[in-house]
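Undergrad: Same order as they appear, the protein sequences are chains Z and P.
Using this note's numbering, the first residue of the first sequence is number 1, and each one after it goes up by one.
Using this note's numbering, the first residue of the second sequence is number 1, and each one after it goes up by one.
Number of protein chains: 2
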Amino acid sequence: MKSSPLLLDGNRVAIDIKNQLVGRVSKLKERDIVPCLATILVGEDPASATYVRMKGNACSRVGIRSIRIELPEETTTEELIRAIKQLNDDQSVHGILLQHPVPSHIDERAAFEAISIDKDVDGVTMQGFAQNAFGIAAFPSCTPAAIMEILKYYELPIAGKHAVVIGRSPILGKPVSAMLLNKDATVTTCHSRTSNLEQHVRSADIVVAAVGKPKFVQGDWIKPGAVVLDAGYNPGNVGDVDFEACIPHVSAITPVPAGVGPVTITMLLKHTVEAAERSKR
Amino acid sequence: MKSSPLLLDGNRVAIDIKNQLVGRVSKLKERDIVPCLATILVGEDPASATYVRMKGNACSRVGIRSIRIELPEETTTEELIRAIKQLNDDQSVHGILLQHPVPSHIDERAAFEAISIDKDVDGVTMQGFAQNAFGIAAFPSCTPAAIMEILKYYELPIAGKHAVVIGRSPILGKPVSAMLLNKDATVTTCHSRTSNLEQHVRSADIVVAAVGKPKFVQGDWIKPGAVVLDAGYNPGNVGDVDFEACIPHVSAITPVPAGVGPVTITMLLKHTVEAAERSKR
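(1) Mind the definition here: the stretch 29 to 43 of chain Z touches the stretch 79 to 98 of chain Z only if three or more C-beta pairs lie below 8 Å; say whether that holds.
(2) Can the beta-carbon of H162 of chain P be found closer than 8 Å to that of S203 of chain P?
(3) For L151 of chain Z, is the classification buried or exposed, using 16 other Cβ atoms within 10 angstroms of its Cβ as the cut-off for buried?
(4) Bridge partners for I115 of chain Z per DSSP, in chain order?
(5) Would you mind sorting K29 of chain P into buried or exposed? The rule is 16 or more other CB atoms within 10 Å of its CB.
(6) Using a C-beta to C-beta distance shorter than 9 Å, which residues of chain Z count as neighbours of H200 of chain P?
(7) With a threshold of 8 Å between beta-carbons, can K270 of chain P be considered close to chain Z, or not?
(8) Determine which residues share a DSSP beta bridge with R65 of chain P and list them.
(9) What are the residues that DSSP puts in a beta bridge with A252 of chain Z?
(10) So, is the C-beta of F129 of chain Z closer than 8 Å to a C-beta in chain P?
(11) Counting only C-beta atoms, is A146 of chain P closer than 8 Å to chain Z at any point?
(12) Can you have a look at M1 of chain Z and say buried or exposed, based on whether 16 or more other CB atoms are within 10 angstroms of its CB?
(13) Which runs of the beta strand (DSSP E), 3 residues or longer, sit entirely within the stretch 77 to 112 of chain Z?
(14) Grab the span of the alpha helix (DSSP H) containing A245 of chain Z for me, first residue to last.
(15) Let me check understanding here. Comparing Cα to Cα, which of P:V208, P:E74, P:V238, P:F216 lies closest to V228 of chain P?
(16) In its own chain, which residues sit with a C-beta less than 7 Å from the C-beta of M148 of chain P, not counting the 5 before and 5 after it?
(17) If you run the structure through DSSP and keep just helix, strand and coil, what is A145 of chain Z?
(18) I want to know whether the stretch 114 to 127 of chain P touches the stretch 235 to 243 of chain P - three or more CB-CB distances under 8 Å.
(19) Measure the C-alpha to C-alpha separation of N11 of chain P and P144 of chain Z and round it to an integer number of angstroms.
(20) Let me know the secondary structure DSSP gives V13 of chain P once reduced to three states.
(21) Would a check of beta-carbon distances place M126 of chain Z closer than 8 Å to chain P?
(22) Counting C-beta neighbours from all protein chains within 10 Å, is the total for P262 of chain P 16 or more, i.e. buried, or is it exposed?
(23) What do you reckon, are the CB atoms on T272 of chain Z and I64 of chain Z nearer than 8 Å?
(24) Can A137 of chain P and F129 of chain Z be called in contact, C-beta distance under 8 Å?
(25) If I follow the unbroken alpha helix (DSSP H) through T266 of chain Z, where does it start and stop?
(26) Going along the chain, which residues of its own chain have a beta-carbon closer than 8 Å to the beta-carbon of L172 of chain P, five neighbours each way excluded?
(27) Run through chain Z and tell me which residues come within less than 7 Å of K174 of chain P, C-beta to C-beta.
(28) Chain P partners of A159 of chain Z, CB-CB under 8 Å?
(29) Flag P170 of chain Z as yes if its beta-carbon sits less than 8 Å from any beta-carbon of chain P, otherwise no.
(30) DSSP state of R41 of chain P, grouped into three classes?
(31) Quick one: Cα of Q218 of chain P to Cα of N182 of chain P, how far?
(32) Let me know if A114 of chain P comes out buried or exposed under the rule of 16 or more other beta-carbons within 10 Å of its beta-carbon.
(33) Where does G167 of chain Z land, buried or exposed, given buried means 16+ other C-beta within 10 angstroms?
(34) Could you have a look at I206 of chain P and say whether DSSP puts it in helix, strand or coil?
(35) With A111 of chain Z and I84 of chain Z assumed to form a contact (beta carbons below 8 Å), what rounded beta-carbon distance in angstroms separates them?
(36) Given a threshold of 16 other Cβ atoms within 10 Å of its Cβ, counted over all protein chains shown, does G283 of chain P qualify as buried or as exposed?
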């Protein structure tokens, strides 16, 4: 009889980590340090505004202070960078999150690079990317960090496994490939130009879906016993993986919602607390 | 009848590029700019001293000036960084090469990071690594650059191909994986902890061997028609690939010596000329 697969419950991981963070925040407050995340929202995009509000609420639930910088749509790159540098210099701020995408007239990369590496809790700077790729401590992007955290929480082995990452964005596919490689996985990075994608996925022990296409990964692509992590979040609460179709094949899988998503936002909180712990005040 | 494979002659690539460089150096000299590479050698290691001398000689053959900084074995990290910063500030120096490995008491990473990104012609800084991974212009490490140059010279297609890189060092396996990915290959990075290495190599259209083990890659691992690039250089002029055994299987292959090696040193020259072209003087 086939046993049912392990459901990688992101809410459970998130709750456990948040409980730990509450304790760490209390300890910081005993030292008169209040961890603080500054979020920056440029323009009026309603989805972005919602994300920023959710992040602020998540902060307050574990005792992290958050401050919201809201800049008008017509903000220039230079003005945005000036605002970021003020936050870099503000000793009461431990983490900086620039909600992206920013309006298209802004040089987003230049804005990201203005964030001090010590406060880059969202893992968007190139220096942070390189340090993570080289195995030198830095805050990684939050979704890759969440994927690694779920694997760790459920004690799923990585070393020697073949991981296939579908997607190569600078904040997801590329860093998660690097992080899996540093944990001794053999890593294949696939993307829109990959030929025989199914064949690559079929050989994977660990599949990370980061494509941004609903139900893209099919059940019959999955090697029996593989672990599937779905970083997708498409309209209608649908992931990049056809969850129902994969269930008969996987040994473990993240659902959508309540998989990678809740852990991602928790990683932002965790990085902010860590930044506060490292700071002098 | 099976046609014989294409021999990817690194000397030919190197000569063509050097001829171009001679012309570019002449043009720079008309503007009173003499491209200049500063090499830094710490300690007395005879092999390192030979490499530095070879690089200096290669410079002079295309008209690049080279200056040699020789520091004693007991140089501290701080002293080395001070020497690097002087070269950063010296407007007549366009490229800086720190011969490595440096003596073990020196923090090599800190020394690399002291090199200005504009003068990092050997592609050793983390910023340079990240920029290359993100597809933002920077000088890549010279061996990965040489591999990409050979593929380009011989017009071997990369997009949509499956590239298997054996090795994950910060100056070879990791950057060449990133560069192949940015040229739309599907990239698998293998290493010492990889299970079923042969199986991965068997599925590759492009194999990059960067293991540092003589004749490690076997002929019967090679998919018929694959392209093999051997970045190994082991004692006795032996590569990481069993060249003779691979010949019946490959469509194209680099020999050792006279494959990747001569192009690597040429990349250093090319980057130095490019740095000079970008500089004001």
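Backbone N, C-alpha and C define an ideal beta-carbon position, used for all residues, glycine too.
TA: In this structure, then:
(1) yes
(2) Looking up residue 162 of chain P in the second sequence gives position 162. Looking up residue 203 of chain P in the second sequence gives position 203. Contact flag set, yes.
(3) For the purposes of this step, residue 151 of chain Z is taken as residue 151 along the first sequence, with counting starting at 1. By the neighbour-count rule (16 or more Cβ atoms within 10 Å), L151 of chain Z is buried.
(4) To locate residue 115 of chain Z, count along the first sequence from 1; it is residue 115. Paired residues: none, contrary to the question.
(5) Here residue 29 of chain P refers to the residue found at position 29 when the second sequence is read from its first residue. With fewer than 16 other Cβ atoms within 10 Å, it is exposed.
(6) For the purposes of this step, residue 200 of chain P is identified with residue 200 of the second sequence, where counting begins at 1. Neighbours of H200 of chain P on chain Z, chain order: H162, T186, T188, S203.
(7) Numbered from its first residue, the second sequence carries residue 270 of chain P at position 270. Not closer than 8 Å to any Cβ of chain Z, the Cβ of K270 of chain P fails to qualify, so no.
(8) The residue labelled residue 65 of chain P in the question sits at position 65 within the second sequence. Looking at the DSSP assignment, R65 of chain P forms a beta bridge with P:C36.
(9) Counting from 1 along the first sequence, the entry for residue 252 of chain Z is found at position 252. DSSP, once it has assigned bridges, lists Z:L6, Z:V227 as partnering A252 of chain Z.
(10) To locate residue 129 of chain Z, count along the first sequence from 1; it is residue 129. It does; some Cβ of chain P falls within 8 Å.
(11) Here residue 146 of chain P corresponds to residue number 146 of the second sequence, with the count starting at 1. Cβ-Cβ to chain Z under 8 Å: no for A146 of chain P.
(12) Reading the first sequence from its first residue, position 1 is the one you call residue 1 of chain Z. Interpretation of M1 of chain Z is limited by its pLDDT of 46, a score under 50 that renders its predicted location unreliable; the figure taken from the coordinates is listed afterwards. It counts as exposed.
(13) 95 to 98
(14) Within the first sequence, residue 245 of chain Z is the residue found at index 245, counting from 1. 243 to 246 is the span of the alpha helix (DSSP H), which, as asked, contains A245 of chain Z.
(15) Residue mapping note: residue 228 of chain P aligns to position 228 of the second sequence, counting from 1. Nearest of P:V208, P:E74, P:V238, P:F216 to V228 of chain P, Cα basis: P:V208.
(16) By 1-based counting over the second sequence, the position of residue 148 of chain P is 148. M179, listed in sequence order.
(17) On the first sequence, position 145 is the one that residue 145 of chain Z refers to. Looking at A145 of chain Z - three-state DSSP - the assignment turns out to be helix.
(18) no
(19) The residue given as residue 11 of chain P occupies position 11 in the second sequence. The residue given as residue 144 of chain Z occupies position 144 in the first sequence. Whole-angstrom Cα-Cα distance: 42 Å.
(20) Position 13 of the second sequence, counted from the start, is the residue given in the question as residue 13 of chain P. Note: V13 of chain P maps to helix in three-state DSSP.
(21) Within the first sequence, residue 126 of chain Z is the residue found at index 126, counting from 1. True, the Cβ-Cβ gap to chain P drops below 8 Å.
(22) Translated into the one-based positions of the second sequence, residue 262 of chain P becomes position 262. Buried, by the Cβ-count rule.
(23) Locating residue 272 of chain Z in the first sequence gives position 272, where the first residue counts as 1. Locating residue 64 of chain Z in the first sequence gives position 64, where the first residue counts as 1. Contact flag set, yes.
(24) The count along the second sequence starts at 1 and reaches residue 137 of chain P at position 137. The count along the first sequence starts at 1 and reaches residue 129 of chain Z at position 129. No, the pair does not count as a contact, with Cβ atoms beyond the cut-off.
(25) The residue you call residue 266 of chain Z lines up with position 266 of the first sequence. First-last of the alpha helix (DSSP H) with T266 of chain Z: 260 to 278.
(26) As a position in the second sequence, residue 172 of chain P is number 172, starting the count at 1. Around L172 of chain P: S141, T143, P144, A210, A231.
(27) Here the question's residue 174 of chain P lines up with position 174 in the second sequence. What K174 of chain P touches in chain Z: A133.
(28) Working through the first sequence from its first residue, we reach residue 159 of chain Z at position 159. Chain P residues near A159 of chain Z: R193.
(29) One-based indexing of the first sequence puts residue 170 of chain Z at position 170. So yes, P170 of chain Z belongs to the interface.
(30) Position 41 of the second sequence holds residue 41 of chain P. Inspection of the sequence shows that residue 41 of chain P is occupied by Leu rather than by Arg. In this structure, L41 of chain P counts as strand in the three-state DSSP scheme.
(31) Within the second sequence, residue 218 of chain P is the residue found at index 218, counting from 1. Within the second sequence, residue 182 of chain P is the residue found at index 182, counting from 1. C-alpha separation (whole angstroms): 28 Å.
(32) Sequence index remark: in the second sequence, residue 114 of chain P carries index 114 (1-based). Buried, because 16 or more other Cβ atoms sit within 10 Å of the Cβ of A114 of chain P.
(33) As a position in the first sequence, residue 167 of chain Z is number 167, starting the count at 1. So G167 of chain Z counts as buried.
(34) By one-based count along the second sequence, residue 206 of chain P stands at place 206. Reduced to three states, the DSSP call for I206 of chain P is strand.
(35) Position 111 of the first sequence, counting from 1, holds the residue named residue 111 of chain Z. Position 84 of the first sequence, counting from 1, holds the residue named residue 84 of chain Z. Right, the Cβ-Cβ distance comes to about 7 Å (below 8 Å), so this counts as a contact.
(36) Residue coverage of chain P in this structure runs from 1 to 281, which leaves residue 283 of chain P outside it and unanswerable.
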